[in-house]
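What follows is a single structure, written as structure tokens, with notes after it.
Numbering (the working numbering), first residue to last: 154 to 629.
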């Protein structure tokens, strides 16, 4: 599946009565849109809707925005404008709207300022009026980017933050999130309401059957298997058993079975047009479905690392966390809390799959596990820690009314030893005692899984939560 880019509209607002009064003013103000567009990266599709200086033109611009199906609208306040010109965007467009006031001058040359010069720098003059009218209309309050044109770094940072949040928002738009199998028996926190999920994120939950995956598994050619085995051998460090008696040697037939299932997973994702997938299937007595479900870790790791998150134990909510974390730039790996260390004051956080090897600190290790603790079957698993430096934790949970909510925190991934159990484990150090963090995190009522991402992407996630109307608790 091709990654969906965020699509933003840019519209500049002006005040028509000024044009006959001040020759050349309109032409000078129109340049502000092009200047602002230059701050966006190629990761965002930018649509310049034009220059609007009357209600009729505003109505036409609204219709154009609807045709373009934009994800957000940046409204360039070029000078003073009446709120009537901005109001149609509030009334008819249900997307985040950002008022942009980038003043050309750091300050006026007070002794020599003319009215013309002031109008060229009146970018924020109408912002209180426009914002107040959004409130009176009962619409979401617009957001703001305010700076002098010389403050290029500030403007770049603001636009980059919006690009990240809107990339996450766009990932869910018209998306299908796959749901294969069932939740792990007894994990009440895993259970999800697909309708509430759609209400929150806007995507469709696609219910999938194991028999479809099994069918694809039978169709894979030897050539495809060999090519995937070669890829696995290049990407992973294949290790002998560790001191854990559950670990075993990885044999050629183990690699071929994992490779076959990896290609089959790719087919499942492609044929169903999936943006993400949550899966789990227990199986019984070594039957085919059990052998399939217990050997998906390599396949789901490769897909997750390409930006198509797969969440284990059919944790649909954490599939959302992983997708958000990926799109804001953090990669996003499936994780849960592991033991803590009071000597180094860290918490180990990881899981037995799925993983995102693009954020691994070193070449990821694979070993065979004779069994997956608490689950049926055996197969290859992945061991690594997330690269040292800032990391972000995001858990998607739900409150007592069934409404989806976020729990967010930041930490540092620390270098150091991790257990050789063929699970991911990242040594996470927080800006508080490890035990204090654990108490606060648990008290927030999370789902026990979370997405662990590289980098500090907390501000982008908070902005995503705000524009998506999702309650967020930050542990800090």
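Quick reminder that beta carbons are idealized off the backbone N, C-alpha and C, glycines included.
This structure is a prediction, so every number in the text was calculated from the model and none was measured.
| Query | Result |
| --- | --- |
| Check whether residue 207 and residue 169 have beta carbons under 8 angstroms apart | yes |
| Rounded straight-line distance, which links the Cα of residue 467 to that of residue 343 | 7 angstroms |
| Residues of its chain near residue 524, where Cβ-Cβ distance is below 7 angstroms and the 5 sequence neighbours each way are ignored | 399, 531 |
| Candidates 268, 509, 504, 572: closest to residue 394 by CA position | 572 |
| Whole-angstrom C-beta distance between residue 204 and residue 183, which should lie under 8 angstroms | 5 angstroms |
| Whole runs of the alpha helix (DSSP H) within the stretch 367-425, excluding any shorter than 4 residues | 375-388, 405-425 |
| Pair within 8 angstroms by beta-carbon distance, residue 519 and residue 606 | no |
| CA-to-CA distance, residue 561 to residue 385, given in whole angstroms | 33 angstroms |
| Per-residue burial, residue 595 [other beta carbons within 10 Å of its own, 16 or more giving buried] | exposed |
| Residues near residue 245 in its chain [Cβ-Cβ closer than 7 angstroms; skip 5 each side] | 215 |
| Nonlocal neighbours in the same chain, by C-beta distance under 8 angstroms from residue 261, ignoring five residues either side | 270, 271, 274 |
| Alpha-carbon to alpha-carbon, residue 455 and residue 444 | 19 angstroms |
| Where the beta strand (DSSP E) through residue 500 begins and ends | 499-503 |
| N-terminal and C-terminal residue of the alpha helix (DSSP H) that residue 347 is part of | 347-354 |
| C-beta atoms of residue 363 and residue 429 nearer than 8 angstroms | no |
| Range of the contiguous alpha helix (DSSP H) that encloses residue 285 | 280-289 |
| C-alpha distance - residue 402 paired with residue 522, whole-angstrom precision | 8 angstroms |
| 3-residue-minimum beta strand (DSSP E) runs that sit fully inside the stretch 553-615, ordered along the chain | 557-567, 579-582, 602-607 |
| Backbone CA spacing between residue 580 and residue 539 [nearest angstrom] | 8 angstroms |
| Length of the line joining the Cα atoms of residue 487 and residue 277 | 44 angstroms |
| DSSP three-state assignment for residue 359, whether helix, strand or coil | strand |
| N-terminal and C-terminal residue of the alpha helix (DSSP H) that residue 186 is part of | 178-190 |
| Burial state of residue 266, where buried means 16 or more other Cβ atoms lie within 10 Å | exposed |
| Stretch pair the stretch 419-438 + the stretch 547-556: three plus CB contacts closer than 8 angstroms | no |
| The stretch 295-304 in contact with the stretch 323-343 per 3-pair CB rule at 8 angstroms | no |
| Alpha-carbon spacing of residue 227 relative to residue 416, whole angstroms | 42 angstroms |
| Candidates 615, 479, 357, 163: closest to residue 331 by CA position | 357 |
| Exposure of residue 453, with buried meaning 16 or more beta-carbon neighbours within 10 Å | buried |
| Contact under 8 angstroms by Cβ, residue 308 with residue 229 | no |
| Residue 270 - containing alpha helix (DSSP H), residue span | 268-273 |
| Three-way DSSP call (helix, strand, coil) for residue 212 in this model | helix |
| Local Cβ density within 10 Å of residue 192, reported as buried at 16 or more and exposed below that | buried |
| Residue 373 versus 220, 529, 338, 419, residue with shortest Cα-Cα distance | 419 |
| Residue nearest to residue 320 in terms of C-alpha spacing, selected from 625, 198, 552, 611 | 198 |
| Distance, residue 285 Cα to residue 353 Cα | 27 angstroms |
| The ligand NAP heavy atom lying under 7 angstroms from the CB of residue 171 | Looking for the ligand NAP in the displayed structure turns up nothing, as the structure carries no ligands at all. |
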